[in-house]
Amino acid sequence: MAALTSSSLSSMVATTAFSASATSSRALASSAAISGAPALRSAASVSKGLAPAGKTNGAVRCSAKPSASNDASNRSFALRSFREKKAFKAIAGLNNFNADSVAAVVSAAEKGGATVVDIACDADLVRLARSLTTLPICVSAVEPEKFVEAVAAGAHMVEIGNFDSFYPDGREFTADEVLELTRRTRQLLPSIPLSVTVPHTLPLPEQVALAEALQDCGADVIQTEGGTSSAASSAGVQGLVEKATPTIAATYSIARAVTIPVMCASGLSAVTVPLAFAAGASGVGVGSAINRLNEPIAMVAAVREIADAVNSQVVERKAAASSASF
Numbered sequence: 082m083a084a085l086t087s088s089s090l091s092s093m094v095a096t097t098a099f100s101a102s103a104t105s106s107r108a109l110a111s112s113a114a115i116s117g118a119p120a121l122r123s124a125a126s127v128s129k130g131l132a133p134a135g136k137t138n139g140a141v142r143c144s145a146k147p148s149a150s151n152d153a154s155n156r157s158f159a160l161r162s163f164r165e166k167k168a169f170k171a172i173a174g175l176n177n178f179n180a181d182s183v184a185a186v187v188s189a190a191e192k193g194g195a196t197v198v199d200i201a202c203d204a205d206l207v208r209l210a211r212s213l214t215t216l217p218i219c220v221s222a223v224e225p226e227k228f229v230e231a232v233a234a235g236a237h238m239v240e241i242g243n244f245d246s247f248y249p250d251g252r253e254f255t256a257d258e259v260l261e262l263t264r265r266t267r268q269l270l271p272s273i274p275l276s277v278t279v280p281h282t283l284p285l286p287e288q289v290a291l292a293e294a295l296q297d298c299g300a301d302v303i304q305t306e307g308g309t310s311s312a313a314s315s316a317g318v319q320g321l322v323e324k325a326t327p328t329i330a331a332t333y334s335i336a337r338a339v340t341i342p343v344m345c346a347s348g349l350s351a352v353t354v355p356l357a358f359a360a361g362a363s364g365v366g367v368g369s370a371i372n373r374l375n376e377p378i379a380m381v382a383a384v385r386e387i388a389d390a391v392n393s394q395v396v397e398r399k400a401a402a403s404s405a406s407f
């Protein structure tokens, strides 16, 4: 297989994503109220507490904005690696409430060179993570009310999504729901750094339009996904690229439509991380390549491999910038 470069990525991704920028608009549905759900423990339990999936037809409006009196120190700490375009979020899993498993991922993230750790939204898990790492701690959920306790326990950042764990149960999230979850989160926590996942089940132009609306609603980071929608038909490196293509295509399109950082996640590996950054990502999120491993040493090695890939593209970017200045 030919070597993969930034220029070859542009051709590959543009083939998939070129129409999104041209056809995206803010014509999404008006936010519908979503009722609160009980404590999250499974995708099935959450689907009972949220509004049913539906079509988007109207125009989105979002009045929720971050407070001007935000905690500048915490925001700088949580968002620094995204702003420097070298974020690497190690993900334990939105529905992973196993303390031993979470501890293993957090420890591997600390030792292997991740810049952020993402865990399920639970106050006890936050306290556990804080005892194991000095990295920013992001908590993930689809129930904004749960974020409040986790932030009080010491979480530095919150994430609406990732939604991959819900799809096997047939649960999909509409643009309306994601926007309403964002609005409610901003009402509860006006200053907390907020990342929001754009569902890959939406057509690509709608993903772009949703990302634009989320930026207007006060999101600090947009996260892409797509690993579960692509089954690799090839082995080896080619299969890894096939697996990552949907999330990289979304990153390519969204990064050209918003001014906030875009985090490429779902289906990534050390092979495809450089492609994500070449597509416009400010960071990457990696979960199953880490959290499905059984041995702590293997987890650390997996994190270190991803971290090396991230750091390599940072060095290459600086070298390119230096060359361009002469």
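In the working numbering, the protein residues as written are 82 to 407. Glycine included, every Cβ here is placed at the ideal spot set by N, Cα and C. A quick note: this is a predicted structure, and the numbers were derived from the prediction, not measured.
- Membership of V289 in the alpha helix (DSSP H) is indicated by the continuous run L285 to C298.
- Here I378 is exposed, its C-beta having fewer than 16 other C-beta atoms within 10 Å.
- Note on Q394: 16 or more other CB atoms within 10 angstroms of its CB, so buried under the neighbour-count rule.
- Straight through space, the alpha carbons of E397 and A180 are spaced by roughly 38 Å.
- Beta-bridge annotation (DSSP): M380 is not paired with any residue.
- If you compare the alpha carbons of T353, K192 and T255 with that of L216, the shortest gap goes to K192.
- Taking all protein chains shown into account, Q268 has fewer than 16 neighbouring C-beta atoms within 10 Å of its C-beta and is therefore exposed.
- Counting only runs of at least 3 residues, the region 257-283 fully encloses the following beta strand (DSSP E) elements, listed from N- to C-terminal order: 275-278.
- Rounded to the nearest whole angstrom, the CA to CA distance from D203 to V289 is 31 Å.
- Closest in alpha carbon position to K167, among I200, E293, A359 and I371, is A359.
- Contact between G364 and F158 fails: their C-beta atoms lie close to 15 Å from each other, not under 8 Å.
- Close CB contacts of L374 within its chain, under the 7 Å cut and outside five residues either way in sequence, are with M380 and A383 (chain order).
- For T266, the CB contacts under 7 Å within the same chain, skipping 5 residues up- and downstream, are P225, F228, V239, I241 and L275 in chain order.
- Within the region 165-234, complete alpha helix (DSSP H) segments of at least 4 residues are found at 180-193, 204-213 and 225-233, given in chain order.
- Contact check for V277 against A300 passes: the beta carbons are separated by less than 8 Å.
- The alpha-carbon of N155 is positioned some 17 Å away from that of A210.
- Under the three-state reduction of DSSP, I241 is assigned to strand.
- Apart from sequence neighbours up to five positions away, the residues of its chain that approach F254 with a beta-carbon distance below 6 Å are F244 and P280, ordered along the chain.
- Per the coordinates, the alpha-carbon of T305 lies some 10 Å from the alpha-carbon of Y333.
- Under a 10 Å Cβ-count criterion, D250 is classified as exposed, with fewer than 16 other Cβ atoms of the shown protein chains found around its own Cβ.
- Counting only residues of its own chain and dropping the five nearest sequence neighbours on each side, D152 has a CB closer than 6 Å to the CB of S272.
- Here the alpha carbons of V220 and I387 stand approximately 21 Å from one another.
- Apart from the 5 residues on each side of it in sequence, V343 sits with its Cβ closer than 7 Å to the Cβ of I303, T305, T332, I335, A336, G361, A362 and S363 in its chain, given in chain order.
- Counting every other CB atom within 10 Å of its CB across the protein chains shown gives D199 a total of 16 or more, marking it as buried.
- Rounded to whole angstroms, the Cβ separation of A338 and E293 is 6 Å, and the two are in contact under 8 Å.
- Looking at G317, I329, A236 and A233, the one whose alpha-carbon comes closest to that of V354 is I329.
- With a 10 Å radius around the Cβ and a threshold of 16 neighbouring Cβ atoms, Q296 comes out buried.
- Here F178 is near L206, since their CB atoms are less than 8 Å apart.
- Going by beta carbons, L285 and V259 fall outside the 8 Å limit.
- Rounded to whole angstroms, S350 and L321 show a C-alpha spacing of 7 Å.
- Under the DSSP assignment, G366 falls in the beta strand (DSSP E) whose first and last residues are G364 to V367.
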